[in-house]
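In what follows, a single structure is set out as structure tokens and then discussed.
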Amino acid sequence: MRGPIRFVDLQQRFLDEKLEILSAVEKVCRAGHFVLTEEVEMLEKHLASYIGVKHVVGVNSGTDALMMALWAYGIGKGDEVITSPISFVATVGSICHVGARPVFVDVASNQNIDLNLIEDAITERTKAILPVHWGGRVANMPRIMEIARKRNLVVIEDAAQAMGAYYDGIHGGAFGHASCFSAHPLKNLSALGDSGFLCTDDDEIANKTRLYRSHGLESRDNCLFFGVNSRLDSLNAEVLKYRLTKLNDIVKKRRRNVELYREHLDTPYVFSPPEDSEEYHAYVMFIVQADDRDSLQTYLERQGIETYIYYGTPLHLQPASQQLGYHNGQFPVAELQCSKVLALPHHQYLSEKEIVFVCQAVNNFYST
Amino acid sequence: MKVPYNYLPMQFADVERIISEWRQLISTTEFTLGPYVERFERQFSEYLGVKHCISTNTGTDALILALKSVGIGNGDEVITVTNTFYATVGAIVATGATPVFIDSDDRFQIDVDKIVPAVTNRTKAVIPVHWAGASPDLNALSTICSEHNIYLIEDACMGIGASVSGKPAGTYSSVSGFSLHPLKSLHVMGDGGMTATNDDDLARWLRTYRNHGMVDRDHITMWGINNRLQPLQAVVASIELESIDKTIRKRHTNAKILDSGLSDLSDRIFLPERKQSNVENFSLYMGLFQDRDALRAYLEHFDIETKVHYPIPLHLQAAASNLPYTKGDFPNSEKQAEELLTLPVHQYLEEEHVQYMVKKIHDFYD
Numbered sequence: 017m018r019g020p021i022r023f024v025d026l027q028q029r030f031l032d033e034k035l036e037i038l039s040a041v042e043k044v045c046r047a048g049h050f051v052l053t054e055e056v057e058m059l060e061k062h063l064a065s066y067i068g069v070k071h072v073v074g075v076n077s078g079t080d081a082l083m084m085a086l087w088a089y090g091i092g093k094g095d096e097v098i099t100s101p102i103s104f105v106a107t108v109g110s111i112c113h114v115g116a117r118p119v120f121v122d123v124a125s126n127q128n129i130d131l132n133l134i135e136d137a138i139t140e141r142t143k144a145i146l147p148v149h150w151g152g153r154v155a156n157m158p159r160i161m162e163i164a165r166k167r168n169l170v171v172i173e174d175a176a177q178a179m180g181a182y183y184d185g186i187h188g189g190a191f192g193h194a195s196c197f198s199a200h201p202l203k204n205l206s207a208l209g210d211s212g213f214l215c216t217d218d219d220e221i222a223n224k225t226r227l228y229r230s231h232g233l234e235s236r237d238n239c240l241f242f243g244v245n246s247r248l249d250s251l252n253a254e255v256l257k258y259r260l261t262k263l264n265d266i267v268k269k270r271r272r273n274v275e276l277y278r279e280h281l282d283t284p285y286v287f288s289p290p291e292d293s294e295e296y297h298a299y300v301m302f303i304v305q306a307d308d309r310d311s312l313q314t315y316l317e318r319q320g321i322e323t324y325i326y327y328g329t330p331l332h333l334q335p336a337s338q339q340l341g342y343h344n345g346q347f348p349v350a351e352l353q354c355s356k357v358l359a360l361p362h363h364q365y366l367s368e369k370e371i372v373f374v375c376q377a378v379n380n381f382y383s384t
Numbered sequence: 108m109k110v111p112y113n114y115l116p117m118q119f120a121d122v123e124r125i126i127s128e129w130r131q132l133i134s135t136t137e138f139t140l141g142p143y144v145e146r147f148e149r150q151f152s153e154y155l156g157v158k159h160c161i162s163t164n165t166g167t168d169a170l171i172l173a174l175k176s177v178g179i180g181n182g183d184e185v186i187t188v189t190n191t192f193y194a195t196v197g198a199i200v201a202t203g204a205t206p207v208f209i210d211s212d213d214r215f216q217i218d219v220d221k222i223v224p225a226v227t228n229r230t231k232a233v234i235p236v237h238w239a240g241a242s243p244d245l246n247a248l249s250t251i252c253s254e255h256n257i258y259l260i261e262d263a264c265m266g267i268g269a270s271v272s273g274k275p276a277g278t279y280s281s282v283s284g285f286s287l288h289p290l291k292s293l294h295v296m297g298d299g300g301m302t303a304t305n306d307d308d309l310a311r312w313l314r315t316y317r318n319h320g321m322v323d324r325d326h327i328t329m330w331g332i333n334n335r336l337q338p339l340q341a342v343v344a345s346i347e348l349e350s351i352d353k354t355i356r357k358r359h360t361n362a363k364i365l366d367s368g369l370s371d372l373s374d375r376i377f378l379p380e381r382k383q384s385n386v387e388n389f390s391l392y393m394g395l396f397q398d399r400d401a402l403r404a405y406l407e408h409f410d411i412e413t414k415v416h417y418p419i420p421l422h423l424q425a426a427a428s429n430l431p432y433t434k435g436d437f438p439n440s441e442k443q444a445e446e447l448l449t450l451p452v453h454q455y456l457e458e459e460h461v462q463y464m465v466k467k468i469h470d471f472y473d
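If you read the protein sequences in the order shown, they are chains P and A.
Each residue of the first sequence is one higher than the last, beginning at 17 in my numbering.
Each residue of the second sequence is one higher than the last, beginning at 108 in my numbering.
Printed below as a string of structure tokens:
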């Protein structure tokens, strides 16, 4: 069996979808309208129906969607937002960006926020809970919504990686007061550049954010409030409309590959948190927790197997977090996980043979 | 004869070259910053003659990032004009700073004489706008700002190709913002923006902040945001940059025909003075036209498409209701708003189109 086994599927996707993608961008080009066009509107409608929400507002990125959701709920200086330290930096960046304070709560063994620790972190300054659906596993939203209801808090889901993921039959992002998605190139539903969208059932929040993303303009000459410019690009909207039709298939194939991993990985030194019965994990990434992680990564690299660490440093220990005042030892589960996590290649173009090859390499590493 | 304002369908009638470059881009999968974005940033800094060009998602963001890069935020005041696109003020508000308006002059540019009286101990910057692709008195502005120890941050969103005393718009500031939005002199197929600076530290901050604060994949030194130019658009920008001089020359030619063709109607039409020291890019060809609304309707009847930039000055918008301004505070821009009219002079109009406009305007007033 040969490597190399690539981590990312983008080049193969392009070869596969070349005709459809190029014809999608060409169509927008020739129409001669480029900003908040009907392509964006159509995509928003399709996404709303797919996810099961009333409103979808297309914006420039998942990060912007988070910032706008926080803004729309009036969250800012003096407010606290509860989240966990296992995520991409943007989760915390967006909270800091609106001037609020991120309050971290440790994660559970499945890398999502630990439900048992949320209530103890609530203070009279807490305004929202921002759970992350890490890697494509939806957090236990029914429980989180219950806590939020009891304590009168807003729930904004960081659903950046949740396209194609479900909890109890309901799509990620359809639980909270608002949810924020990313269609960055490395997600399951991916565009050819930065893209994101905000979902909500609340008419007022939807109207506010629609205006806010486009300078607060109700019409060309009427500015209701001073907004920003954060719009989903029409070229990308057309690409996403096409790619949405492929999403279910991609997730199914990725889940199949993860099943193969669970079948063939045979060492006590590698732990991959299983799915709860209510979870339908979309596997944007397949992350295992491995002893001697760094040596394993090097060993696999030598066999031509590409892996990535998501991420080596929990967010409370980033240099950027210094002013937040957190320190080593405060979130032991997250800290330990970061020293052990490794994402194995699992994308939809990998064959059973290739997955088995990776498993054998991993098993071999620990048996010698 | 049709004289359209929007020329995008003509500009992108032949998209083969763009599509073929996109094909290449997509096959490299460089969708996040990457070589296509870097290439355009390099080309643009050569074009401007500045050390650093850091691209952003939009012109609005370029202004926001420019303000943030010099630490402007809550509690600060930023002086600007009321006759500009909403984003100039939106950018100030987005940082948490307070916009302080002053009136514009007879060239529709910031009135430099009104700046000093508006300076307080909270003033941190002045944002002059290269409105319509013409320019304010940047030499005077530079002096005033340095004397009062406040930042000069040019809103050069409409200013690509404009210059004052031979120095390009956007190069007078510590840091400035540009827009690549459709219908600017240099534009892409959607949103796009650029910041420019000669300061190494500001450049480093901008590059990091727009990319989540990442110094590398695993380390962030600050909580940044996501504000990146789409690589697809960077491709378009590089291609369009090749013909920018030609574009502006054509706009000049058309503007000159209007200037001389309308010169005998000076009792009905006021055109801004064309300063010898300035090069305008004619992003907008604007003047004050008596009976503006009736003239618009008349021209529309003859398939001549015009616009108004803008009928309601910013201090009178609902958005500004929490700011301490009312009607009468800025008499020049308020008066101008009633009579402003923008005529098309873009590069897809030939002499016959422009002469047709001249004729129809004469017909209206006679």
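Note that CB positions come from ideal geometry on N, CA and C, so glycine has one too.
For the candidate residues the options, whose alpha-carbon lies nearest to that of residue i?
{"i": "Leu146 (chain P)", "options": "P:Lys166, P:Met83, P:Leu208", "result": "P:Met83"}
{"i": "Thr191 (chain A)", "options": "A:Leu248, A:Asn318, A:Gly266", "result": "A:Gly266"}
{"i": "Ala303 (chain A)", "options": "A:Asn439, A:Glu148, A:Asp212", "result": "A:Glu148"}
{"i": "Lys193 (chain P)", "options": "P:Ser211, P:Asp184, P:Asp174", "result": "It should be noted that the sequence gives His, not Lys, for residue 193 (chain P). Closest by alpha carbon: P:Asp174."}
{"i": "Gly90 (chain P)", "options": "P:Glu162, P:Ser65, P:Ala116, P:Leu59", "result": "P:Ala116"}
{"i": "Asp262 (chain A)", "options": "A:Val452, A:Ala169, A:Arg317", "result": "A:Ala169"}
{"i": "Phe23 (chain P)", "options": "P:Lys203, P:Thr384, P:Leu333, P:Val255", "result": "P:Lys203"}
{"i": "Arg358 (chain A)", "options": "A:Ala239, A:Lys274, A:Ile161", "result": "A:Ala239"}
{"i": "Ala124 (chain P)", "options": "P:Asp237, P:Val148, P:Leu333", "result": "P:Val148"}
{"i": "Ile325 (chain P)", "options": "P:Ser103, P:Met179, P:Gln28", "result": "P:Ser103"}
{"i": "Ala173 (chain A)", "options": "A:Gln383, A:Arg314, A:Asp410", "result": "A:Arg314"}
{"i": "Ile355 (chain A)", "options": "A:Ser373, A:Thr328, A:Gly368, A:Leu391", "result": "A:Leu391"}
{"i": "Phe381 (chain P)", "options": "P:Arg309, P:Ala199, P:Thr261", "result": "P:Arg309"}
{"i": "Glu412 (chain A)", "options": "A:Asn429, A:His453, A:Glu445, A:Lys382", "result": "A:His453"}
Helix, strand or coil for residue i per DSSP?
{"i": "Ser162 (chain A)", "result": "strand"}
{"i": "Glu294 (chain P)", "result": "coil"}
{"i": "Asp174 (chain P)", "result": "strand"}
{"i": "Glu317 (chain P)", "result": "helix"}
{"i": "Glu162 (chain P)", "result": "helix"}
{"i": "Ala306 (chain P)", "result": "strand"}
{"i": "Pro206 (chain A)", "result": "strand"}
{"i": "Gly385 (chain P)", "result": "In this structure chain P extends from 17 to 384, so residue 385 (chain P) is not present and cannot be described."}
{"i": "Val144 (chain A)", "result": "helix"}
{"i": "Thr278 (chain A)", "result": "coil"}
{"i": "His193 (chain P)", "result": "coil"}
Under 8 angstroms, Cβ to Cβ, is there at least one residue of chain A near residue i?
{"i": "Phe241 (chain P)", "result": "yes"}
{"i": "Pro335 (chain P)", "result": "yes"}
{"i": "Val108 (chain P)", "result": "yes"}
{"i": "Ile266 (chain P)", "result": "no"}
{"i": "Asn223 (chain P)", "result": "no"}
{"i": "Tyr327 (chain P)", "result": "yes"}
{"i": "Glu42 (chain P)", "result": "yes"}
{"i": "Phe347 (chain P)", "result": "no"}
{"i": "Ser195 (chain P)", "result": "no"}
{"i": "Gln27 (chain P)", "result": "yes"}
{"i": "Arg259 (chain P)", "result": "no"}
{"i": "Thr216 (chain P)", "result": "no"}
{"i": "Ser250 (chain P)", "result": "yes"}
{"i": "Phe50 (chain P)", "result": "yes"}
Any beta carbon of chain P sitting closer than 8 angstroms to that of residue i?
{"i": "Val271 (chain A)", "result": "no"}
{"i": "Trp129 (chain A)", "result": "yes"}
{"i": "Ala194 (chain A)", "result": "yes"}
{"i": "Phe389 (chain A)", "result": "no"}
{"i": "Arg317 (chain A)", "result": "no"}
According to DSSP, which residues form a beta bridge with residue i?
{"i": "Gln340 (chain A)", "result": "Answer is none; Gln340 (chain A) lacks a bridge partner."}
{"i": "Phe389 (chain A)", "result": "DSSP, once it has assigned bridges, lists no residue as partnering Phe389 (chain A)."}
{"i": "Asn245 (chain P)", "result": "P:Ser230"}
{"i": "Ile186 (chain A)", "result": "A:Val207, A:Val233"}
{"i": "Glu55 (chain P)", "result": "DSSP lists no partner for Glu55 (chain P)."}
What beta strand (DSSP E) runs, 3 residues minimum, are completely inside the stretch 294 to 381 of chain A? At a cut-off of 3 residues, the continuous stretches assigned as beta strand (DSSP E) that sit fully inside the stretch 294 to 381 of chain A are 300 to 304, 321 to 323.
Start-end ranges of the beta strand (DSSP E) lying completely within the stretch 122 to 167 of chain P, minimum 3 residues: 142 to 145, all fully within the stretch 122 to 167 of chain P.
Alpha helix (DSSP H) runs contained entirely in the stretch 390 to 448 of chain A, provided each spans 4 or more residues: Counting only runs of 4 or more, we get 399 to 408, 438 to 446.
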